[in-house]
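J.: If you scroll down you'll find the structure; I have some questions about it.
Protein chains: 2
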Amino acid sequence: MQILANELKQVNVFQNAPDDDLHLILQNSISRSIEEGGYFFFQGDSARYSYILTSGQVKLMQSNPKGQQVNLRTITAWEMFGALGAVHADANYPASAQTLENCTALAVGSEFLHSMMETRPYLSFGLMNLMTDYIQEMQSRYRELATERVEQRVANALIRLAGQSGIRSKKKAGIELSFSRQDVAEMTGTTLYTISRLLSEWERQGILKTGRERIQILRPHDLVKIAEDLKK
Amino acid sequence: MQILANELKQVNVFQNAPDDDLHLILQNSISRSIEEGGYFFFQGDSARYSYILTSGQVKLMQSNPKGQQVNLRTITAWEMFGALGAVHADANYPASAQTLENCTALAVGSEFLHSMMETRPYLSFGLMNLMTDYIQEMQSRYRELATERVEQRVANALIRLAGQSGIRSKKKAGIELSFSRQDVAEMTGTTLYTISRLLSEWERQGILKTGRERIQILRPHDLVKIAEDLKK
DNA sequence: ATAGTTATTTGCGCCAGCGCAAAGACAAAT
DNA sequence: ATTTGTCTTTGCGCTGGCGCAAATAACTAT
Chain A
1 MQILANELKQ VNVFQNAPDD DLHLILQNSI SRSIEEGGYF FFQGDSARYS YILTSGQVKL
61 MQSNPKGQQV NLRTITAWEM FGALGAVHAD ANYPASAQTL ENCTALAVGS EFLHSMMETR
121 PYLSFGLMNL MTDYIQEMQS RYRELATERV EQRVANALIR LAGQSGIRSK KKAGIELSFS
181 RQDVAEMTGT TLYTISRLLS EWERQGILKT GRERIQILRP HDLVKIAEDL KK
Chain B
1 MQILANELKQ VNVFQNAPDD DLHLILQNSI SRSIEEGGYF FFQGDSARYS YILTSGQVKL
61 MQSNPKGQQV NLRTITAWEM FGALGAVHAD ANYPASAQTL ENCTALAVGS EFLHSMMETR
121 PYLSFGLMNL MTDYIQEMQS RYRELATERV EQRVANALIR LAGQSGIRSK KKAGIELSFS
181 RQDVAEMTGT TLYTISRLLS EWERQGILKT GRERIQILRP HDLVKIAEDL KK
């Protein structure tokens, strides 16, 4: 499948790129397909490529020596990821990128991207925008993890996911998410047991419906209220 | 007190700046002094200035609606902070910057910095380096908070602080830190009670000595062992 | 269908860490 | 020296959330 320069305009970082540059990027990149459950890169690998996801979903996660892991972010189509290597010369990926479904991504050499940025301020700004957004999200999540109780953190995570990758299903029946209890646990720093209990409770209250690796948010507003937690 | 262009070279972001640019920056900035406990800016303020701390210590912190707060980072002399505004046009500071002692900082207009970056790739790279480092630190701390127990998180925080702002006292008697129990609690997402108990325990074991707003690390290696937590 | 695999639910016991309260230690000011 | 304010310590009781275990549900492959 051929990727068109025009499609690259959907990528935030390339928002202000002239067509010539888009072609240049395409010429200096290769397409990589990874099947569900596979990895684009592992934490610690040398960051030789930056990626642009063209189809599928990827989760960025970090694990500690004991093997426990946290989900840092979920990437959807036309988002850039693994771009830290384009900045530092000899960087290593600080996280692993695992596919949640069959995925295709464009791999751009980090050195090439770096050299492009030397003469193209719009590119640097694009990347910095990505970074500042991400920093702000991480700071908020960090604060949540430190100060909020599980219930609120999970509500927040669902709200965030709904905004980032949620699909409004046609039957206007709420927002559909495809994550296992384990996934959500790793996003919120808790356990799949607690998530299961919490979702069951919320399903009883009619806030959402659940299935195997599926969460359908029926009343987002109620989640917001839980996240804000005005009691106590 | 006059700040010399030469001194600005200590700032990581300006590592590769030619002297002319350093003078230009000085000319387009003003010096602000804030006394202990005061604020350079508050979370939510319009990010009109980026700061370079010339003396003192500043903590960046974020608070939630209920007023609970977390410490994101401690800034020491010649570090840049509040620089997110130079990227987004209409950004707001995502955190507050409170001084831990009497401080002086150089305030550079965000718009001015932004315009400089248009024609100076080294500046963008300097800032991106700052951001990627920070992102990596936040990701690690996030993972810690999500997967590690309090004991390990506190050990890690002390190690990190020792590296960033620790002063090796002359009497070779370990590394000196100036933080209250409350400060450490806010850095690690726990409570001052728990920190107090933990430090008392470690003092009993001879790993460190404590005082009022003072922690003196005697055996850093033992902290590393605790942080790694090989038991269980 | 049937068997095998993977995800989810739920009961149950447990404990790390919270947070109140009250006392003690330290520093600065008068 | 005394007061005042801030920081720290520690006892005590409590509970949110963990995590095992075992049952159940849902999907996949033969």
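If you're matching them up, the sequences are chains A and B in order. According to my numbering, the residues represented by the first sequence are 1 to 232, in order. According to my numbering, the residues represented by the second sequence are 1 to 232, in order. Heads up, the beta-carbon is just placed ideally off N, CA and C, and yes, glycines get one too.
Taking the alpha carbon of A91 of chain A as the point to measure from, which residue in B:S124, B:G85 and B:D133 has its own alpha carbon closest?
T.: Taking the first sequence and counting its residues from 1, the one referred to as residue 91 of chain A is at position 91. Checked all of B:S124, B:G85 and B:D133; the closest Cα to A91 of chain A is B:D133.
J.: Verify the CB distance criterion: does A47 of chain B have a CB-CB separation below 8 Å to chain A?
T.: Taking the second sequence and counting its residues from 1, the one referred to as residue 47 of chain B is at position 47. Output row for A47 of chain B: interface = no.
J.: Check whether chain B comes within 8 Å of N16 of chain A, counting only Cβ atoms and requiring the distance to be less than that.
T.: Along the first sequence, one-based indexing puts residue 16 of chain A at 16. It does not: the Cβ of N16 of chain A has no partner Cβ on chain B nearer than 8 Å.
J.: Contact criterion: CB-CB distance below 8 Å. Does R143 of chain A meet it with respect to chain B?
T.: By one-based count along the first sequence, residue 143 of chain A stands at place 143. Chain B contact via Cβ: present.
J.: For the alpha helix (DSSP H) that contains Q27 of chain A, what are its first and last residues?
T.: Here residue 27 of chain A corresponds to residue number 27 of the first sequence, with the count starting at 1. D19 to Q27 is the span of the alpha helix (DSSP H), which, as asked, contains Q27 of chain A.
J.: Given 7 Å as the limit, tell me if P18 of chain B has its C-beta closer than that to any heavy atom belonging to the ligand COA.
T.: Among the ligands in the structure shown, none appear at all, so the ligand COA cannot be discussed.
J.: Report the neighbours of E201 of chain B on chain A: residues whose CB is nearer than 9 Å to its CB, in chain order.
T.: Here residue 201 of chain B refers to the residue found at position 201 of the second sequence. Those do not exist, as E201 of chain B stays about 22 Å from chain A at its closest Cβ, beyond 9 Å.
J.: How long is the line joining the alpha carbons of T194 of chain B and A17 of chain A, rounded to whole angstroms?
T.: Here the question's residue 194 of chain B lines up with position 194 in the second sequence. Here the question's residue 17 of chain A lines up with position 17 in the first sequence. Taking the straight line from one Cα to the other gives about 52 Å.
J.: Quick one: give me the first and last residue of the alpha helix (DSSP H) that G126 of chain A is part of.
T.: Taking the first sequence and counting its residues from 1, one reaches residue 126 of chain A at position 126. Residues P121 to T147.
J.: Using a beta-carbon distance below 8 Å, is N102 of chain B in contact with chain A?
T.: The residue you call residue 102 of chain B lines up with position 102 of the second sequence. No, its Cβ sits nowhere closer than 8 Å to a Cβ of chain A.
J.: Report yes or no: is there a C-beta of chain B within less than 8 Å of the C-beta of H221 of chain A?
T.: Taking the first residue of the first sequence as position 1, residue 221 of chain A is located at position 221. Not closer than 8 Å to any Cβ of chain B, the Cβ of H221 of chain A fails to qualify, so no.
J.: Taking only three categories from DSSP, how would you classify S115 of chain A?
T.: On the first sequence, position 115 is the one that residue 115 of chain A refers to. Reduced to three states, the DSSP call for S115 of chain A is helix.
J.: Should I3 of chain B and S31 of chain B be called a contact, given that it needs their Cβ atoms to be closer than 8 Å?
T.: By one-based count along the second sequence, residue 3 of chain B stands at place 3. By one-based count along the second sequence, residue 31 of chain B stands at place 31. Result yes, Cβ atoms of I3 of chain B and S31 of chain B sit closer than 8 Å.
J.: Starting from E36 of chain B and walking both ways along the alpha helix (DSSP H), at which residues does that stretch end?
T.: Indexing the second sequence from 1 puts residue 36 of chain B at position 36. Taken as a continuous stretch (DSSP letters only), E36 of chain B belongs to no alpha helix (DSSP H), as it is neither H nor E.
J.: At what residues does the beta strand (DSSP E) containing K225 of chain B begin and finish?
T.: Along the second sequence, read from residue 1 onward, the residue named residue 225 of chain B stands at position 225. Here K225 of chain B belongs to no beta strand (DSSP E); instead the alpha helix (DSSP H) covers P220 to E228.
J.: Taking the alpha carbon of P121 of chain B as the point to measure from, which residue in B:K9, B:A227, B:I226 and B:D21 has its own alpha carbon closest?
T.: Position 121 of the second sequence holds residue 121 of chain B. Of the candidates B:K9, B:A227, B:I226 and B:D21, the one whose C-alpha sits nearest the C-alpha of P121 of chain B is B:D21.
J.: With three or more C-beta pairs closer than 8 Å as the rule, is the stretch 79-97 of chain A touching the stretch 34-54 of chain A?
T.: The stretch 34-54 of chain A is in contact with the stretch 79-97 of chain A.
J.: For S178 of chain A, does the three-state DSSP call read helix, strand or coil?
T.: Taking the first sequence and counting its residues from 1, the one referred to as residue 178 of chain A is at position 178. Looking at S178 of chain A - three-state DSSP - the assignment turns out to be coil, as it is neither helix nor strand.
J.: Could you name the residues of the same chain whose beta carbon sits closer than 7 Å to that of D229 of chain A, not counting the 5 residues immediately before and after it, in chain order?
T.: Translated into positions along the first sequence, residue 229 of chain A becomes position 229. Cβ within range, chain order: Q152.
J.: Given this structure, state the Cα-to-Cα distance separating F41 of chain B from H88 of chain B, to the nearest angstrom.
T.: The residue given as residue 41 of chain B occupies position 41 in the second sequence. The residue given as residue 88 of chain B occupies position 88 in the second sequence. Near 17 Å, if we compare the C-alpha coordinates of H88 of chain B and F41 of chain B.
J.: Rounded to whole angstroms, how far is the Cβ of A155 of chain B from the Cβ of L208 of chain B, which I believe are closer than 8 Å?
T.: Sequence index remark: in the second sequence, residue 155 of chain B carries index 155 (1-based). Sequence index remark: in the second sequence, residue 208 of chain B carries index 208 (1-based). About 10 Å; that fails the 8 Å criterion.
J.: Within 8 Å of any Cβ in chain B, is that where the Cβ of V58 of chain A sits?
T.: In the first sequence, residue 58 of chain A corresponds to position 58, counting from 1. It does not: the Cβ of V58 of chain A has no partner Cβ on chain B nearer than 8 Å.
J.: What residues in the stretch 115-133 of chain A bring their beta carbon closer than 8 Å to a beta carbon of chain B?
T.: Cβ contacts with chain B: M117, E118, T119, P121, S124, F125, L127, M128, N129, M131 and T132.
J.: Tell me the rounded alpha-carbon separation between E101 of chain B and V11 of chain B.
T.: Within the second sequence, numbered from 1, the residue matching residue 101 of chain B stands at position 101. Within the second sequence, numbered from 1, the residue matching residue 11 of chain B stands at position 11. Each residue's alpha carbon lies about 20 Å from the other.
J.: For A86 of chain B and M138 of chain A, I'd like the C-alpha separation in whole angstroms.
T.: Here residue 86 of chain B refers to the residue found at position 86 when the second sequence is read from its first residue. Here residue 138 of chain A refers to the residue found at position 138 when the first sequence is read from its first residue. Distance between the alpha carbons of A86 of chain B and M138 of chain A: 19 Å.
J.: Is the shortest distance between the beta-carbon of G189 of chain A and the beta-carbons of chain B less than 8 Å?
T.: Position 189 of the first sequence, counting from 1, holds the residue named residue 189 of chain A. By this cut-off, G189 of chain A is an interface position.
J.: Using DSSP's beta-bridge definition, name the partner residues of Q98 of chain B.
T.: As a working mapping, residue 98 of chain B is identified with position 98 in the second sequence. In the DSSP output, where bridge partners are listed per residue, Q98 of chain B has B:Y39 and B:K59.
J.: Between which two residues does the beta strand (DSSP E) holding A5 of chain B run?
T.: Taking the second sequence and counting its residues from 1, one reaches residue 5 of chain B at position 5. That residue, A5 of chain B, is in no beta strand (DSSP E); its alpha helix (DSSP H) goes A5 to L8.
J.: Which residue comes first and which comes last in the beta strand (DSSP E) that contains L106 of chain A?
T.: As a first step, residue 106 of chain A must be located in the first sequence, where it is residue number 106. That run of the beta strand (DSSP E) goes C103 to G109.
J.: Does the CB of I135 of chain A have a neighbour CB from chain B at under 8 Å?
T.: Reading the first sequence from its first residue, position 135 is the one you call residue 135 of chain A. Yes, I135 of chain A counts as interfacial toward chain B.
J.: Out of A:K59, A:V70 and A:T54, which has the shortest C-alpha to C-alpha gap to A185 of chain A?
T.: By one-based count along the first sequence, residue 185 of chain A stands at place 185. When each option's Cα is compared against that of A185 of chain A, the closest is A:V70.
J.: If we call anything under 8 Å between Cβ atoms a contact, is C103 of chain B one with S55 of chain B?
T.: Numbered from its first residue, the second sequence carries residue 103 of chain B at position 103. Numbered from its first residue, the second sequence carries residue 55 of chain B at position 55. In contact: C103 of chain B and S55 of chain B (Cβ atoms closer than 8 Å).
J.: Taking just the CA atoms, how far does S124 of chain B sit from T119 of chain A?
T.: The residue labelled residue 119 of chain A in the question sits at position 119 within the first sequence. The residue labelled residue 124 of chain B in the question sits at position 124 within the second sequence. Taking the straight line joining both Cα atoms gives about 11 Å.
J.: Around the C-beta of Q15 of chain B, are 16 or more other C-beta atoms found within 10 angstroms, so that it is buried, or is it exposed?
T.: Taking the second sequence and counting its residues from 1, one reaches residue 15 of chain B at position 15. Its Cβ having fewer than 16 others within 10 Å, Q15 of chain B is exposed.
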